[in-house]
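Be aware that the sequence shown starts at 20, since it is given in this note's numbering, and climbs by one per residue.
Virtual Cβ for every residue (Gly too), placed ideally from N, Cα, C.
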Amino acid sequence: MRQSIAQLERAFVEEVELDRVRRDRLRHTAATRSRVRTIQRRRAQSSLRFALLVFTMIATAVIVTVVMFRTLYIVLG
């Protein structure tokens with residue numbers, strides 16, 4: 020009976036250690052996934068901001084060109 024109880028205690032200790040290792044691994048995996056998602060989100064936001072900047076610059080160039088030629092037409096016409 021004593022040997023059986025000692026074996027049970029040893030098995031319990033091993034199981035607790037395995038659970039601890041498993042929890043640490045899961046925590047590490049979750050932290051890595053979170054970090055990857057944050058990087059992807061930042062990259063997507065940066066791409067959107069860049070596209071908006073390019074669109075704004077092109078629109079500004081078009082508007083300035085149109086206004087310049089209209090003003091030139093009015094002045095010379």
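Compute the Euclidean distance between the alpha carbons of residue i and residue j, then round it to the nearest angstrom.
i     : j     : result
PHE31 : ARG68 : 55 Å
ILE82 : GLN64 : 27 Å
GLU33 : ARG39 : 10 Å
ILE58 : PHE88 : 45 Å
LEU27 : ARG46 : 28 Å
THR75 : ILE93 : 27 Å
ARG42 : ARG61 : 29 Å
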